[in-house]
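Quick note: the sequence shown uses the working numbering, first residue 8, plus one each step.
We put the beta carbon where it would ideally sit given N, CA and C, even for glycine.
A quick write-up on the structure given underneath.
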Amino acid sequence: DQAPHLEFARECVRSFNYRYNTKALIEPQMKATEFPKVLGTDGVNKMGKSLNNHIELASTPEETQQRVMTMVTDPQRMRKTDPGNPDVCNVFTLHKMFTSPDEVANINIECRRAGIGCVDCKKKLAASLNTHLEPFRARRAELDRDPQHIWDILNEGGKRAGIIAEATMVEVREAIGLP
């Protein structure tokens, strides 16, 4: 959803570089993942905090499981004995992001032949998400114990960014003829 902003920035860079016959500014590049848009737990809208259809990185394993269990699945599948269609199921999309490829292949087959129900599929997803999120949770707990470390990281990053920004501004000022 940031593509229009990125393209605007690219146009500004091209215009500046052309106008002043320089390469002082570098065009930003799009970095899209395999899953550029992730649907929220409602299965309709893009996942986001404002719509309350998100899974928080800081949530407990229990909270993650609760959120996953409320997710919308294949709307055509009414009973566990009905074959499912993982291609239209947001739970399966998240499995492709967080579950091992072998398990994803197994879930795909089992869903299509009604060998696994939506509840069990969601439980597997919650387990995969919790496994994936555990290192983030551990790191966050570590940082919560030492808030000064966060400020130190921010200050160091700010200094490094300032050095890079100043070098760029020297080139920009040179290009437009300012001292």
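Please list, in chain order, all residues of the same chain as residue i whose beta carbon is under 8 angstroms from its beta carbon, the five residues on each side excluded.
i: Arg17; result: Glu34 and Pro35
i: Asn115; result: Pro93 and Phe99
i: Gly55; result: Gly47 and His61
i: Val45; result: Lys53, Met54, Thr100, Leu101 and Met104
Note down, in chain order, each residue of its chain lying with its Cβ closer than 6 angstroms to the Cβ of residue i, except the 5 sequence neighbours on either side.
i: Arg119; result: Pro90
i: Val75; result: Lys129, Leu132 and Ala133
i: Phe99; result: Pro93
i: Arg84; result: Gly91
i: Ile123; result: Glu117
i: Val20; result: Leu32 and Glu34
With DSSP as the reference, identify every bridge partner of residue i, one or two as the case may be.
i: Lys53; result: Leu46
Quick one: residues in its chain with C-beta nearer than 7 angstroms to the C-beta of residue i, no 5 flanking neighbours on either side, listed in chain order?
i: Leu101; result: Leu132
i: Lys30; result: Asn24
i: Phe143; result: Leu64
Taking residue i and residue j to be in contact with their CB atoms under 8 angstroms, please state how far apart those CB atoms are, rounded to whole angstroms.
i: Thr175; j: Cys125; result: Between Cys125 and Thr175 the Cβ distance is about 52 angstroms, and since that is not below 8 angstroms, they are no contact.
i: Tyr27; j: Ile183; result: 6 angstroms
i: Thr71; j: Leu140; result: 7 angstroms
i: Met37; j: Leu13; result: 6 angstroms
i: Asn97; j: Gly50; result: 5 angstroms
Does the Cβ of residue i lie closer than 8 angstroms to at least one heavy atom of the ligand GTP?
i: Lys53; result: With respect to small molecules bound, the structure shown includes none, and the ligand GTP cannot be examined in it.
Given a cut-off of 9 angstroms on the beta-carbon distance, is the pair residue i and residue j in contact?
i: Ala39; j: Thr88; result: no
i: Leu32; j: Val179; result: yes
query = Between the segment 104 to 118 and the segment 134 to 143, do three or more beta carbon pairs fall short of 8 angstroms?
reply = Yes, the segment 104 to 118 is in contact with the segment 134 to 143.
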